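Accompanying notes for the structure given below.
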Amino acid sequence: MIYDPKIRMYTCKSCGLTLTYMEIVEARRRNMPFDEEEARRQRRREYLKWWLSRK
Numbered sequence: 001m002i003y004d005p006k007i008r009m010y011t012c013k014s015c016g017l018t019l020t021y022m023e024i025v026e027a028r029r030r031n032m033p034f035d036e037e038e039a040r041r042q043r044r045r046e047y048l049k050w051w052l053s054r055k
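Quick look at the structure:
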């Protein structure tokens, strides 16, 4: 992937996929193996985010 400072995004040379830095970080985080405690924390964070967004 190469960084294009004009549009502030990373572009894949082979397929043309374009992502921001935060999208890359999020994709890596989703694909990383983690333990059960980390999974529990993640579920709690996602639930809290959902709960706060509904009100």
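In terms of the numbering used here, the sequence shown is residues 1 to 55.
Beta carbons are placed, not taken as given, at the ideal position from N, Cα and C, and that holds for glycine.
If you're wondering where the values come from, they're calculated on a predicted model, not measured in any experiment.
Endpoints, the beta strand (DSSP E) within which residue i is located
{"i": "M22", "result": "First-last for M22: 21-31, but that is the alpha helix (DSSP H), not the beta strand (DSSP E)."}
{"i": "L4", "result": "Position check: residue 4 holds Asp in this sequence, whereas Leu was assumed. That run of the beta strand (DSSP E) goes 2-4."}
Cβ shell of residue i (< 6 Å), same chain only, five flanking positions each side left out
{"i": "T18", "result": "M9, T11"}
{"i": "Y21", "result": "none"}
Neighbour flag for residue i against chain B, beta carbons, 8 Å
{"i": "W51", "result": "The chain labelled as chain B is not found in the depicted structure, where only one protein chain is given."}
Residues near residue i by beta carbon distance below 7 Å, same chain, minus five either side
{"i": "D4", "result": "T11"}
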